[in-house]
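Colleague:
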Amino acid sequence: KSIFSRYDATSLFGLDLATGVAQRLGEVGARELESSALLDGWRYFASRGALYATDGHRPARRILDWNLSGGARLSVMSLTVFRGSLLILAEDYASGSVAKLYQSDGTVVGTKLVTEIPDSAFSVGNFVGVTQSDDRLFFTMEFKRVWVTDGTAAGTRHIATVNGLIQLLAVAGNNIYYSDRINGMPLLWTSNGTPEGTHLVADPESGEPLRLSSELLKGDGLWVPFAAAADQLFFVRDDEVWVTNGTTAGTHRVLESAQVRNLIAVHEGAVAAAFPESETSGSTNLWWLDAHRDPELLVNANQISAGRVYTNFPLFEWRSDIVYLGDEGWTNFEPWFISKHLPPAPPVGLRAITRNGRRIQWESVFGANDYSIQIEEEATGRIITDEVVTSAEFLDTSMLADGTYRARVRAIGDAQSVSAWTAWVPFLVGDVPEFIGIPSATSNSVRSYAWLTPPDTVVSELWISNLDTRTVVYHHDNIHSSSLTRSSAFLAESLPPARYAMWV
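Per the numbering used here, the very first residue in the sequence shown carries number -5; after that it's consecutive.
Right, dumping it as structure tokens:
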């Protein structure tokens, strides 16, 4: 489902992408979905001080109304998902229009105040993005103050205040990038959320702070396109496209003399829409940009709708293997399939099974001909396996001695194009316990639970979740086996009637 609201009315719709059939989901503010978040299959959004949710199939229902409880009068400014919970930036009119940061599981009892944001009266807040390591979330206040949070009061802190308004803002990898004018000159900054990790990006050619285009704004919209891809930021600088990872060595140009109108991130690179050389309007070329390779012309202007004119930010967005193109008034969209031109997507589902037939597996990737796999010793960091295989598994781990290792893979497509590496996945070789039983409730009152364990299992970890409220209601991480092949747990109190899931 694609969930959207109409700007000329107050209707919320769910669009079935397979059938093209739209379904009315409720009546809310026309622009409320501009700040929304997807958690566990539900789309959350705020309207008139209340928090709503819909799964795209049923009408939106009100989860929480701050104006009816607790004395607060809140206006939600921004929503996002962080570490499996909703984070909410809201302005509290009842306490002097101070901005507050909340954490929520989508229920009334599960919504807690994290902290107030100092000096934030009558300001506007927006979440920017989560780091690749998923341990920090960046946000801005008043479009000029940069903040970071780890979801706690102690971990929420101010990073920087810029001169004027921030006009380039993105999270790539574990850093945030933002522009600031110093003596009237727009410069590029980066930060990992700490004072010592906040610095200007240097120009590799001059060693001076990297200067962005002198005119960052045109009209009331962003003029300089940028795109965050993996741990890199692509951006336009004086009719050239540059890329940076925050270091001087990782900063360089990737496309010269291009009238670039827009950039979008695709996999580990970017697709740029640019006018042909020496033209300032008219048809558009599509370029594939990679930080480590020469730019590649994917499609020339005459191949796109017989040269249809796209004069205003022609790239709409990237979904799966499709780039959507829109014309100047955003009145027409059309898909352009470019997967055959691009490197394959990174593999997912990497896992190691090193007992009863040692093997490493992952999900196959569309467009991948082969896969590179690397295995390293975790203690030394020494890579002991670096091979290319034709299928989405690696069977020969029998040469590995007992110990702890890490593995990663990447996909190889046509013309030896490669995807990004997966994250390193740790695994053990040796006497590794293997889960062999399905946990079950052993009483009608749902207070006692049991599961089978192999003889070499020392402890188990049990989780019980309420499926109706989407909250964890029980967690025990140190349950010792009650017999050679059996473990069990007993709750002190019965659970209320609801649907539950449990896993060990």
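Glycine included, each C-beta is placed from N, C-alpha and C at the ideal position.
Distance, Cα to Cα, residue 69 vs residue 106?
Modeller: So the two alpha carbons sit approximately 16 Å from each other.
Colleague: Under three-state DSSP, which class holds residue 253?
Modeller: Secondary structure of residue 253 (DSSP, three-state): strand.
Colleague: Give the range of the beta strand (DSSP E) segment to which residue 138 is assigned.
Modeller: Here residue 138 belongs to no beta strand (DSSP E), and DSSP marks it neither H nor E.
Colleague: Taking the CB atoms as reference points, tell me whether residue 172 and residue 142 lie closer together than 9 Å.
Modeller: No, they are not a contact pair.
Colleague: Given this structure, state the Cα-to-Cα distance separating residue 346 from residue 421, to the nearest angstrom.
Modeller: 6 Å
Colleague: Give me whichever residues DSSP pairs with residue 189 in a beta bridge.
Modeller: For residue 189, which the question treats as bridged, DSSP gives no partner whatsoever.
Colleague: Under a three-way DSSP split, which group does residue 88 fall into?
Modeller: DSSP, read as helix, strand or coil, puts residue 88 in helix.
Colleague: Do residue 138 and residue 120 have their beta-carbon atoms positioned less than 9 Å apart in this structure?
Modeller: Cβ distance not < 9 Å, so residue 120 and residue 138 don't count as in contact.
Colleague: What residue from 365, 407 and 380 has the CA that sits closest to residue 387's CA?
Modeller: 365
Colleague: I need the DSSP call for residue 49, collapsed to helix, strand or coil.
Modeller: coil
Colleague: Report, in whole angstroms, the separation of the C-beta atoms of residue 163 and residue 235, which I expect to be a contact under 8 Å.
Modeller: Contact flag wrong, Cβ pair sits at about 18 Å.
Colleague: Under a three-way DSSP split, which group does residue 408 fall into?
Modeller: helix
Colleague: On a CA-only basis, which of 251, 243 and 461 is nearest residue 231? Give me that one, please.
Modeller: Looking from the CA of residue 231, the closest CA among 251, 243 and 461 belongs to 251.
Colleague: Do residue 125 and residue 169 come within 9 Å of each other at the CB atom, strictly closer than that value?
Modeller: yes
Colleague: Measure the beta-carbon distance from residue 369 to residue 399 and round it to whole angstroms, keeping in mind my assumption that it falls under 8 Å.
Modeller: 6 Å
Colleague: Does the distance from the C-beta atom of residue 31 to that of residue 73 stay below 9 Å?
Modeller: yes
Colleague: Are the CB atoms of residue 33 and residue 464 nearer to each other than 9 Å?
Modeller: Yes, Cβ-Cβ distance for residue 33 and residue 464 is below 9 Å.
Colleague: Which partner residues of residue 99 appear in the DSSP bridge assignment?
Modeller: Residue 99 pairs with nothing; no bridge assigned.
Colleague: Measuring straight from C-alpha to C-alpha, what distance separates residue 257 and residue 263?
Modeller: 10 Å
Colleague: If we call anything under 9 Å between Cβ atoms a contact, is residue 136 one with residue 118?
Modeller: Yes, Cβ-Cβ distance for residue 136 and residue 118 is below 9 Å.
Colleague: Does residue 103 pass the burial test, meaning 16 or more other C-beta atoms within 10 Å, or should it be called exposed?
Modeller: Per the 10 Å Cβ criterion, exposed.
Colleague: Count the other C-beta atoms from every protein chain shown that fall within 10 angstroms of the C-beta of residue 146, then say buried if there are 16 or more, exposed otherwise.
Modeller: exposed
Colleague: Looking only at its own chain, which residues have a Cβ that is under 8 Å from the Cβ of residue 373, when we skip the five neighbours before and after it?
Modeller: 397 and 398
Colleague: Residue 160 bridges to which residues according to DSSP?
Modeller: DSSP output for residue 160 lists no bridge partner at all.
Colleague: Assuming residue 341 and residue 383 make a contact with CB atoms under 8 Å, what is their CB distance in whole Å?
Modeller: A Cβ-Cβ separation of about 12 Å leaves residue 341 out of contact with residue 383 under the 8 Å criterion.
Colleague: Using DSSP bridges, identify the partner residues of residue 371.
Modeller: 399
Colleague: Please list, in chain order, all residues of the same chain as residue 245 whose beta carbon is under 8 Å from its beta carbon, the five residues on each side excluded.
Modeller: 195, 196, 197, 198, 204, 236, 237, 238 and 239
Colleague: State the beta-bridge partners of residue 474 as determined by DSSP.
Modeller: 453
Colleague: Looking only at C-alpha atoms, which of 48, 229 and 190 sits nearest to residue 206?
Modeller: Residue 229 is the option with its Cα nearest to residue 206.
Colleague: Which residue's Cα is closest to the Cα of residue 507: 148, 175, 150 and 167?
Modeller: No statement about residue 507 is possible, as the shown extent of the chain runs from -5 to 498 and does not include it.
Colleague: CA-CA distance, residue 456 and residue 443?
Modeller: If I take the Cα positions, the gap works out to 9 Å.
Colleague: For residue 226, which residues of its own chain have a beta-carbon under 8 Å away from its beta-carbon, when the five flanking residues on both sides are left out?
Modeller: 166, 167, 237, 238, 239, 244, 262 and 285
Colleague: Does any heavy atom of the ligand MG sit closer than 8 Å to the C-beta of residue 118?
Modeller: The model depicted lacks the ligand MG and carries no ligand whatsoever.
Colleague: Just to confirm my understanding: we take residue 379, look at its own chain, exclude 5 residues before and 5 after, and list those with CB closer than 7 Å. What are they?
Modeller: 367, 368 and 369
Colleague: Do residue 474 and residue 453 count as a contact pair if the criterion is CB distance below 9 Å?
Modeller: yes
Colleague: Residue 260 and residue 289 look like a contact to me (Cβ under 8 Å); what is the Cβ gap, rounded to whole Å?
Modeller: Between residue 260 and residue 289 a beta carbon distance of about 13 Å is seen, past the 8 Å cut, so the two are scored as non-contacting.
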